[in-house]
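Q: Start counting at 1 in the sequence shown, then tack on 1176, and there's your number in the numbering used here. Ideal placement from N, C-alpha and C gives every residue a C-beta, glycine not left out. The structure presented is a predicted model; accordingly, all values stated were derived computationally and were not measured. Here it is: the structure, laid out below.
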Amino acid sequence: MKTSDIKGIIPPVITPMNNDPEQTVNHQALREQVERLLAGGVHGIFPMGTNGEAYALSFQEKEEILATVIDQVKGRVPVYAGTGCITTAETIRLSKRAEELGADALSIITPSFALASQKELYDHYTAVAKAVNLPIILYNIPARTGNKLLPETVQALCRDVENIVGAKDSSGDIENLKAYIRLTRELDKEVAILAGNDGAILTCLKEGGAGGIAGRANIWPETVAKIYDCFKAGDLEGAQAAQDAIAILQQTFKYGNPNTIIKTAVALQGHPVGKCRAPFNYVPEEGMEAIKKVLAENEAKGLH
């Protein structure tokens, strides 16, 4: 896969769960969700991301989810497998398995819980990259992991390691995202920088980034895809309108984990995705009403 093919709107597809006591993975609903996203015009599929509840899945479940997604996509868009784990050895193991199963690229979140230095992060990513032949996208989300990938570290990894070809920034810091783009642009190598915060997609594109890994595309795939498609067509007004349309969900995040809010919204649209795995699945009644209101407002505008 060429770096130039890493672009557009790439949903971190939610992982549907059954309503049994173990909340087992609902693979049929996963296929339906993937198909719904593709019908909405997205440019890639990212299983086992944060919205996919990778933190709550076993190694075997991750293998099975990835196999299902790859089989359903059938090469229509690239599949970006989320293979980041806490240890280097486990990340290598899952990354190798993703390569065997046919993933097109890897998105690797930083290790979490234990604090890591920039040297440790550099060494971690270098070791994983050397163990596989797939292109790798670094994934920075310090609010969740406790570890921040500094722009200089991203630049060094992209410079020094051939198959590290991009980064997703979910820091929520626009200046950090801009620094990723600015410093990697200095390299004699094409690098794809992706917005990890849905509100930053258009800014990322305007700054020279490649697109966004957008959780809200699980709810409104067609609308989120329009941010990229309109921008590339030179329709900045249309891109801004689509960007503004998805901002409405932000007001509901005060009622729970964003992953839970997004999955709840998809379920309220009538899709059999179940709840997030316990204990990360509570939304108070006032939150449910707020989500319903947001969905109704965008549906009235014809947004999907």
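Compare the beta carbon distance of R1226 and N1435 with 8 Å and say whether it is the shorter of the two.
A: If you number the sequence shown from 1, residue 1226 lands on position 50. If you number the sequence shown from 1, residue 1435 lands on position 259. Contrary to the premise, residue 1226 reads as Thr rather than Arg in this sequence. Cβ distance < 8 Å, so T1226 and N1435 count as in contact.
Q: Where do the ends of the beta strand (DSSP E) carrying I1285 lie?
A: Residue numbering aside, residue 1285 sits at position 109 when the sequence shown is read from its first letter. Unbroken beta strand (DSSP E) run through I1285: 1281 to 1285.
Q: Does the distance from the CB of T1399 to the CB of A1418 come in under 8 Å?
A: Residue 1399 sits at position 223 when you count from the first residue of the sequence shown. Residue 1418 sits at position 242 when you count from the first residue of the sequence shown. Cβ distance < 8 Å, so T1399 and A1418 count as in contact.
Q: Do G1220 and P1254 count as a contact pair if the criterion is CB distance below 8 Å?
A: Position 78 of the sequence shown, counted from the start, is the residue given in the question as residue 1254. Position 44 of the sequence shown, counted from the start, is the residue given in the question as residue 1220. The answer is yes: Cβ separation under 8 Å.
Q: Return the CA-CA distance between E1362 and S1283, expressed in angstroms with no decimal places.
A: By 1-based counting over the sequence shown, the position of residue 1362 is 186. By 1-based counting over the sequence shown, the position of residue 1283 is 107. Each residue's alpha carbon lies about 22 Å from the other.
Q: Is the segment 1255 to 1270 touching the segment 1303 to 1316, taking contact as three or more C-beta pairs under 8 Å?
A: Result yes; three or more Cβ-Cβ pairs closer than 8 Å.
Q: Can you tell me where the alpha helix (DSSP H) with Y1431 in it begins and where it stops?
A: The count along the sequence shown starts at 1 and reaches residue 1431 at position 255. Segment: none, Y1431 is in no alpha helix (DSSP H) and carries neither H nor E.
Q: Report yes if the C-beta distance between L1370 and A1386 is below 8 Å; otherwise report no.
A: The count along the sequence shown starts at 1 and reaches residue 1370 at position 194. The count along the sequence shown starts at 1 and reaches residue 1386 at position 210. Going by C-beta atoms, L1370 is nearer than 8 Å to A1386.
Q: I'd like to check one pair, M1177 with A1292: are the Cβ atoms closer than 8 Å?
A: Numbered from its first residue, the sequence shown carries residue 1292 at position 116. Numbered from its first residue, the sequence shown carries residue 1177 at position 1. Result no, Cβ atoms of A1292 and M1177 do not sit closer than 8 Å.
Q: Below 8 Å on the Cβ atoms is my contact criterion, and I expect G1450 with P1188 to pass it. Report the Cβ-Cβ distance as a whole number of Å.
A: For the purposes of this step, residue 1450 is identified with residue 274 of the sequence shown, where counting begins at 1. For the purposes of this step, residue 1188 is identified with residue 12 of the sequence shown, where counting begins at 1. Between P1188 and G1450 the Cβ distance is about 17 Å, and since that is not below 8 Å, they are no contact.
Q: Which residues bound the alpha helix (DSSP H) around L1471?
A: The residue you call residue 1471 lines up with position 295 of the sequence shown. Boundaries of the alpha helix (DSSP H) harbouring L1471: 1461 to 1476, taken from the DSSP string.
Q: Can you tell me whether K1451 is helix, strand or coil according to DSSP?
A: Against the sequence shown, residue 1451 aligns to sequence position 275. The answer is coil: DSSP assigns K1451 none of H, G, I, E or B.
Q: If we count the other Cβ atoms within 10 Å of its Cβ and call it buried at 16 or more, is Q1331 buried or exposed?
A: Within the sequence shown, the letter at position 155 stands for residue 1331. The residue in question, Q1331, is buried, as its Cβ has 16 or more Cβ neighbours within 10 Å.
Q: Since G1260 is in the beta strand (DSSP E), which residue starts that stretch and which ends it?
A: What you label residue 1260 is simply residue 84 of the sequence shown in a count that begins at 1. Taken as a continuous stretch (DSSP letters only), G1260 belongs to no beta strand (DSSP E), as it is neither H nor E.
Q: Quick check on DSSP: helix, strand or coil for L1370?
A: The sequence position of residue 1370 within the sequence shown is 194, counting from 1. Looking at L1370 - three-state DSSP - the assignment turns out to be strand.
Q: Counting beta carbon pairs with one atom in the segment 1314 to 1326 and one in the segment 1343 to 1351, are three or more of them shorter than 8 Å?
A: The answer is yes - the segment 1314 to 1326 touches the segment 1343 to 1351, with three or more Cβ pairs under 8 Å.
Q: Let me know if Q1204 comes out buried or exposed under the rule of 16 or more other beta-carbons within 10 Å of its beta-carbon.
A: Counting from one through the sequence shown, the residue named residue 1204 turns up at place 28. Looking at its Cβ environment, which holds fewer than 16 other Cβ atoms inside 10 Å, Q1204 is exposed.
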